[in-house]
Amino acid sequence: MHEVKVYDGAGNLKKVISVKKLTERSDRLFNTPSLYQKGSKKPKSPTQASEVPGKN
Numbered sequence: 025m026h027e028v029k030v031y032d033g034a035g036n037l038k039k040v041i042s043v044k045k046l047t048e049r050s051d052r053l054f055n056t057p058s059l060y061q062k063g064s065k066k067p068k069s070p071t072q073a074s075e076v077p078g079k080n
């Protein structure tokens, strides 16, 4: 594993993530699989699902 360099939109170096931090993160992900899940979207209500956008 190699260190990761993070740049902003202008190309300036913002931070460097060390190998130690990356290893700690991978260990956390391995021990807690729920960290892989992203936020779930709320389901649409039946009234919103039946509405057709653009038709009034």
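Numbering-wise, this note's numbering puts 36 at position 12 of the sequence shown, and it's gapless, one number per residue.
A virtual CB, placed ideally from N, CA and C, is assigned to each residue, including glycine.
{"Item": "Residues bridged to tyrosine 31 (per DSSP)", "Value": "Leu37"}
{"Item": "Rounded straight-line distance, which links the Cα of serine 58 to that of isoleucine 41", "Value": "23 Å"}
{"Item": "Helix, strand or coil at threonine 56 according to DSSP, with G and I counted as helix", "Value": "coil"}
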